[in-house]
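Asker:
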Amino acid sequence: MSEQVQQEEPTSYDVRAVEEKWRPVWDELQPFRADDDSPREKKYALTMFPYPSGDLHMGHAEVFALHDVVARYWWQRGYEVLNPMGFDSFGLPAENAAIRNDEHPATYTKANIAKSIESCQRYAASFDWSRTFNTSDPEYYRWTQWLFARFYERGLAYRKKSPVNWCPQDQTVLANEQVVAGACERCGAEVTKKELTQWYFKITDYAQELLDGLDDLEKTWPDRVVTAQRNWIGRSEGAHVDFVVQGREEPVTVYTTRPDTIFGTTFMVVAVDAALADELVTDAQRPAFEAYRDEVRRASEIERLATDRPKTGVDLGVTATNPVTGEQIPVWATDYVLADYGTGAVMGVPGGDQRDWEFATAMGLPIVRTTEPPAGFEGEAYAGEGLAINSPAPGQSAALNINGLDVDAAKRATIDFLEEMKAGTGAVNFRLRDWLLSRQRYWGAPIPVVHCPEHGEVLVPDEQLPVELPELRGADLKPKGTSPLAAAEEWVNTTCPTCGGPATRDGDTMDTFVDSSWYMFRYCSPHETDRVFDSEKVNAWMACDLYVGGVEHAVLHLLYGRFFTKVLNDMGLVDFREPWLAQLNQGFVINQGKKMSKSLGNGVNLGEQLEAFGVDAVRLTLVFAGPPEDDIDWANMSPDGSLKFLQRAWRLSGDVTSAPGTPAEGGDVALRRVTARTVHDAAELVESYRFNVVVARVMELVNATRKAIDSGPGGADPAVREAAEAVAVLLSLVAPYVAEEMWERLGHEPTVARAGWPAVDPALLVEDTVTAVVQVKGKVKARLEVAPDIAEADLEALALADADVQRAIGDAAVRKVIVRAPKLVNVVV
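According to UniProt numbering, the sequence shown is numbered sequentially starting from 1.
What follows is the structure, given as structure tokens:
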């Protein structure tokens with residue numbers, strides 16, 4: 001045994017001493033260092049990339065504890081496990097801290113990363129630290145820039161001018177996914193609209209495949225994550241319909257999911273902030289239009305879409321022609337249509353859309369129902385199933401008549417008519433919009449593009465990557481409506497790679513979600529210097545077998561990572577199209593029924609909990625609290641109770657007196673049955689993420705072992721050793737310090753984390769027996785004790801082999817054997 005762990009046998013469990021004892025041993029042994037060349041089957045356990053905001057908090061403690069159960073279980077089952085850790089280290093918190101403290105963001109970031117690594121290692125998370133990297137390292141963001149260049153070459157990265165979400169506090173644009181209830185997802189400031197030229201990733205090219213892939217993922221991903229992604233992608237089937245607008249050469253195309261309701265189109269509405277509205281408005285209506293537009297721009301997108309918001313608008317002074325009826329309908333500008341939805345124009349069907357109904361009512365516009373509501377319907381607009389009516393209306397002349405058709409048939413007939421008249425086409429539309437990735441901040445990966453007066457957008461050559469950030473700090477980082485990089489003249493002013501003439505670097509940086517959309521690939525070969533990653537190693541390890549993290553990333557990060565994987569597959573860099581085969585979400589750690597907050601006075605300091613009760617007790621408490629997806633109210637938890645249980649388990653190892661390797665056969669059969677059942681069930685429970693039940697079963701085994709020690713032959717019974725060793729291995733998934741200490745006291749070399757899953761004798765899993773009656777010539781000749789789930793063939797063979805049954809049969813020929821397992825065998829001779 002290592003001299004490092006040779007100590008005098010302790011008489012009590014000292015939490016601090018045990019933690020200090022094993023940390024250096026594990027550092028030396030590196031039990032969780034993944035071997036790319038191992039012949040063992042590979043597993044990839046991944047926890048979501050954390051931001052280094054400071055020391056670990058209760059949320060980290062929970063996710064790492066839950067994640068570790070699976071990673072350590074896979075090691076025990078004989079897999080080679082990749083379980084890496086790094087840091088998503090670009091972003092606003094470091095930049096804002098640097099502004100406050102007049103320092104470089106890297107200073108804040110590096111200090112936090114060092115603190116986080118120290119805490120993770122104390123917490124005994126089974127990460128492979130040899131693969132660690134940070135997204136703010138030039139060695140990493142060189143390849144983020146390289147990927148951007150490849151996306152650009154494939155037409156998947158482009159720049160356009162459009163209204164964007166603007167956070168006035170953080171002074172940067174936000175993707176649609178980063179606006180929550182009208183506010184900035186990070187700082188909570190109310191989001192406004194601003195027109196800017198920005199970079200986008202064309203994620204919409206993959207909308208259908210992103211949707212289709214969910215059909216397979218729904219088997220192994222949480223339902224609410226799959227539902228959130230389906231809703232965000234938002235596929236709908238309908239038609240593009242062309243409306244000829246007065247005074248405009250090109251028709252205005254609108255998208256509708258219900259082309260069958262076109263007979264009820266009594267007006268058209270255009271987003272007031274869309275370029276189309278500015279183009280269509282007449283001179284007479286322009287003053288009213290511009291005043292209304294200025295008023296609307298002060299409202300957030302969420303406010304504009306609120307169902308209880310009064311409908312407002314301005315008549316643009318022009319009309320459009322309904323392509324089916326030929327009627328002239330007015331065109332209005334309004335706030336309840338958004339500029340980035342198609343062309344920014346929508347056909348107004350008040351009979352079938354409640355917002356249109358309210359607008360038509362407010363503006364005194366006609367309302368025509370085109371779908372017959374069910375009997376007794378007392379609402380206003382009706383958008384459900386029913387037969388087409390007023391299509392056309394009585395006295396209305398039209399070349400198409402769909403009255404009496406159900407919705408599906410009416411939609412198909414309308415689309416056919418529009419296509420025949422060259423006035424529209426059937427279409428599929430998605431709610432998903434392209435990913436806005438430009439950010440007007442400093443602490444992010446610079447966009448590797450220069451702008452040349454002669455050649456326009458020019459990619460920085462690969463050999464010149466990375467485009468490193470200039471050394472800005474403090475006040476120089478303050479945003480002024482544009483990126484701080486734009487003011488760094490020495491950095492911005494450069495030469496064009498194509499012509500050598502003067503050019504300027506792009507002043508924006510990339511959204512940090514770009515960094516975290518491909519980090520899981522880099523872990524497979526983190527030290528590559530001449531390529532983004534080793535594809536052979538990536539294909540050997542991936543896709544990730546399990547991804548653990550918060551449900552708050554249901555759309556943002558998970559959707560982007562899936563998109564990147566599909567592009568990388570199309571580039572020939574990976575062999576798969578989904579990055580994460582299974583996902584597990586953890587709940588939140590709250591206190592006193594509320595989210596932890598300093599202002600509420602209910603914050604829980606993880607460091608204080610670890611000092612008071614030890615790492616193992618905190619980990620055990622978090623795992624035992626309930627199913628992983630449930631919230632944990634720390635006010636109801638008992639880390640003190642967890643510590644007492646761990647001390648009871650530890651004492652078992654000191655009571656074992658049989659030698660290591662002593663066969664358990666011949667020991668206490670009842671205890672052996674409990675051990676076998678616990679080990680067998682624990683495997684199934686871990687694989688179904690019922691970690692809290694695993695802990696409960698280990699507690700039962702500890703109690704059964706203690707009872708056997710106190711009431712039987714004591715620690716000399718080999719069944720006691722078998723049980724205590726099983727406890728140590730099972731506890732290694734949750735409480736690694738106690739488990740390692742037990743393993744040493746039981747006479748084994750470290751580390752218990754690689755001891756291997758305990759073997760189980762299947763015979764010991766048969767907990768109950770049933771008496772099977774065997775009859776020969778109608779008389780009972782034998783009674784057999786059999787398993788309740790015995791197969792009929794096995795019961796028949798057992799009965800015919802019984803000595804008493806053979807004597808009863810004698811020389812007679814067996815004509816038939818009737819078996820009613822597990823209770824009856826009737827032998828007919």
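We put the CB at the ideal spot given by N, CA and C, even for glycine. As the structure is a computational prediction, the values presented were derived from the model and not from experiment.
1. Would you say ARG72 and SER732 are within 9 Å of each other, going by their C-beta atoms?
2. Across the stretch 52 to 67 and the stretch 577 to 586, are there enough close Cβ pairs to call them in contact, namely three or more that are closer than 8 Å?
3. What number of angstroms, rounded off, separates the C-alpha of residue 858 from the C-alpha of ALA716?
4. Would the beta-carbon of GLY213 fall within 9 Å of that of ARG562?
5. Cβ of residue 872 within 9 Å of Cβ of SER658?
6. Sort GLU153, VAL346, LEU568 and PRO93 by Cα distance to TYR108 and report the nearest one.
7. Check this for me: beta carbons of ALA612 and VAL738, under 9 Å apart or not?
8. Output yes or no for whether 9 Å exceeds the beta carbon distance between ALA61 and LEU798.
9. If you draw a straight line from the C-alpha of ALA696 to the C-alpha of ASP170, how long is it?
10. Tell me the start and end of each unbroken beta strand (DSSP E) in the UniProt domain "Methionyl/Leucyl tRNA synthetase" (47 to 193) that is at least 3 residues and wholly inside, in chain order.
11. Taking the alpha helix (DSSP H) that ARG522 falls in, what are its first and last residues?
12. Taking all protein chains shown into account, do 16 or more other C-beta atoms lie within 10 angstroms of the C-beta of VAL15, making it buried, or fewer, making it exposed?
13. Please classify PRO628: is it buried, with 16 or more other beta-carbons within 10 angstroms of its beta-carbon, or exposed?
14. Can you tell me whether DSSP reads ILE203 as helix, strand or coil?
15. Tell me which same chain residues have a C-beta within less than 7 Å of the C-beta of ILE233, skipping the five on either side of it?
16. Which first and last residues belong to the beta strand (DSSP E) in which GLU237 is found?
17. Going by beta carbon distance, what residues of the same chain come within less than 6 Å of VAL766, once the five residues before and after it are set aside?
18. Could you check the C-alpha separation between residue 839 and TYR523 for me, to the nearest Å?
19. Per DSSP, what kind of secondary structure is HIS557 in: helix, strand or coil?
20. Can you give me the start and stop residues for the beta strand (DSSP E) that PHE267 sits inside?
21. Are there 16 or more other CB atoms within 10 angstroms of the CB of PHE359, so buried, or fewer, so exposed?
22. To the nearest angstrom, how far is the alpha carbon of VAL760 from that of VAL679?
23. Under three-state DSSP, which class holds VAL760?
24. For my contact list, PHE90 and THR512 are in at a C-beta cut-off of 8 Å; report their separation, rounded to the angstrom.
25. In three-state DSSP terms, what is LEU469?
26. In three-state terms, what does DSSP make of MET571?
27. May I ask you to report which of helix, strand or coil DSSP gives GLY715?
28. So, does the stretch 42 to 54 touch the stretch 398 to 405, judging by three or more C-beta pairs under 8 Å?
29. Rounded to whole angstroms, what's the CA-CA distance from HIS57 to ASP462? Just pull it up for me.
30. Quick check: what's the CA-CA separation for GLY626 versus GLY59?
31. Use the C-beta contact count for PRO758: other C-beta atoms within 10 angstroms, 16 or more gives buried, fewer gives exposed.
32. Can you check which of these residues, ALA277, ASN322 and MET347, is closest to VAL314 by C-alpha distance?
33. Below 9 Å between beta carbons: does that hold for THR132 and THR144?
34. From GLY572 to ARG100, what distance separates their C-alpha atoms?
35. Alpha carbon to alpha carbon, how far is VAL674 from VAL656? Give it in angstroms, no decimals.
36. CB-CB under 7 Å to ILE203, same chain, minus the five flanking residues each way: which ones, in chain order?
Answerer: Reading from the atomic positions:
1. What you label residue 72 is simply residue 72 of the sequence shown in a count that begins at 1. What you label residue 732 is simply residue 732 of the sequence shown in a count that begins at 1. Yes; because the gap between Cβ atoms is below 9 Å, this pair is in contact.
2. Judged by Cβ distances under 8 Å, the stretch 52 to 67 makes contact with the stretch 577 to 586, as three or more pairs qualify.
3. The shown model of the chain, from 1 to 829, leaves out residue 858, and the question about it has no answer.
4. Counted from its first residue, the sequence shown places residue 213 at position 213. Counted from its first residue, the sequence shown places residue 562 at position 562. Yes, Cβ-Cβ distance for GLY213 and ARG562 is below 9 Å.
5. The shown model of the chain, from 1 to 829, leaves out residue 872, and the question about it has no answer.
6. As a first step, residue 108 must be located in the sequence shown, where it is residue number 108. The shortest Cα separation from TYR108 among GLU153, VAL346, LEU568 and PRO93 belongs to PRO93.
7. Start at 1 with the first residue of the sequence shown, and residue 612 comes out as number 612. Start at 1 with the first residue of the sequence shown, and residue 738 comes out as number 738. Contact flag unset, no.
8. Start at 1 with the first residue of the sequence shown, and residue 61 comes out as number 61. Start at 1 with the first residue of the sequence shown, and residue 798 comes out as number 798. The Cβ-Cβ distance between ALA61 and LEU798 does not fall below 9 Å.
9. Residue numbering aside, residue 696 sits at position 696 when the sequence shown is read from its first letter. Residue numbering aside, residue 170 sits at position 170 when the sequence shown is read from its first letter. Near 47 Å, if we compare the C-alpha coordinates of ASP170 and ALA696.
10. Complete beta strand (DSSP E) runs here, min 3: 80 to 82, 157 to 167 and 172 to 174.
11. Counted from its first residue, the sequence shown places residue 522 at position 522. It spans 519 to 522 - the alpha helix (DSSP H) in which ARG522 sits, taken as one unbroken run.
12. By 1-based counting over the sequence shown, the position of residue 15 is 15. Classification of VAL15: buried, given that the 10 Å Cβ count is 16 or more.
13. The sequence position of residue 628 within the sequence shown is 628, counting from 1. So PRO628 ends up on the buried side.
14. Counting from one through the sequence shown, the residue named residue 203 turns up at place 203. DSSP places ILE203 in helix when its eight states are reduced to three.
15. For the purposes of this step, residue 233 is taken as the residue at position 233 of the sequence shown. These residues qualify, in order along the chain: ALA207, LEU210, LEU211, PHE430, ARG431 and LEU432.
16. Your numbering for residue 237 matches position 237 in the sequence shown. Its beta strand (DSSP E) spans residues 235 to 245.
17. One-based indexing of the sequence shown puts residue 766 at position 766. Within the same chain, ALA787 come within 6 Å of VAL766 by CB-CB distance, once the 5 residues on both sides are set aside.
18. What is shown of the chain runs 1 to 829, which leaves residue 839 out entirely.
19. Position 557 of the sequence shown holds residue 557. Here HIS557 sits in helix by DSSP.
20. What you label residue 267 is simply residue 267 of the sequence shown in a count that begins at 1. Here the beta strand (DSSP E) through PHE267 covers 267 to 271.
21. Translated into positions along the sequence shown, residue 359 becomes position 359. Burial call: buried.
22. Walking along the sequence shown from the start, residue 760 turns up at place 760. Walking along the sequence shown from the start, residue 679 turns up at place 679. Distance between the alpha carbons of VAL760 and VAL679: 7 Å.
23. For the purposes of this step, residue 760 is taken as residue 760 along the sequence shown, with counting starting at 1. For VAL760, the secondary structure class from DSSP, reduced to helix, strand or coil, is coil.
24. For the purposes of this step, residue 90 is identified with residue 90 of the sequence shown, where counting begins at 1. For the purposes of this step, residue 512 is identified with residue 512 of the sequence shown, where counting begins at 1. Taking the Cβ atoms as the reference, PHE90 lies roughly 5 Å from THR512, within the contact range of under 8 Å.
25. As a position in the sequence shown, residue 469 is number 469, starting the count at 1. Coil.
26. In the sequence shown, counting from the first residue as 1, residue 571 sits at position 571. It is coil, neither helix nor strand.
27. The residue labelled residue 715 in the question sits at position 715 within the sequence shown. DSSP places GLY715 in helix when its eight states are reduced to three.
28. Result no; under three Cβ-Cβ pairs closer than 8 Å.
29. Along the sequence shown, one-based indexing puts residue 57 at 57. Along the sequence shown, one-based indexing puts residue 462 at 462. Our two residues, HIS57 and ASP462, have alpha carbons roughly 40 Å apart in a direct line.
30. On the sequence shown, residue 626 is found 626 positions in, with the first residue counted as 1. On the sequence shown, residue 59 is found 59 positions in, with the first residue counted as 1. For GLY626 and GLY59, the distance between alpha carbons rounds to 15 Å.
31. Translated into positions along the sequence shown, residue 758 becomes position 758. Residue environment analysis places PRO758 among the buried positions, since at least 16 neighbouring C-beta atoms fall within 10 angstroms of its C-beta.
32. Locating residue 314 in the sequence shown gives position 314, where the first residue counts as 1. Restricting attention to ALA277, ASN322 and MET347, the CA atom closest to the CA of VAL314 is found in ALA277.
33. As a first step, residue 132 is located in the sequence shown; it is residue number 132 there, counting from the start. As a first step, residue 144 is located in the sequence shown; it is residue number 144 there, counting from the start. Between THR132 and THR144, the CB-CB gap reaches or exceeds 9 Å.
34. The count along the sequence shown starts at 1 and reaches residue 572 at position 572. The count along the sequence shown starts at 1 and reaches residue 100 at position 100. The straight-line gap separating the alpha-carbon atoms of GLY572 and ARG100 is approximately 45 Å.
35. Working through the sequence shown from its first residue, we reach residue 656 at position 656. Working through the sequence shown from its first residue, we reach residue 674 at position 674. Roughly 17 Å between the two C-alpha positions.
36. Taking the first residue of the sequence shown as position 1, residue 203 is located at position 203. Excluding residues within five positions, the ones whose Cβ falls inside 7 Å are LEU432, ASP434, TRP435 and PHE563.
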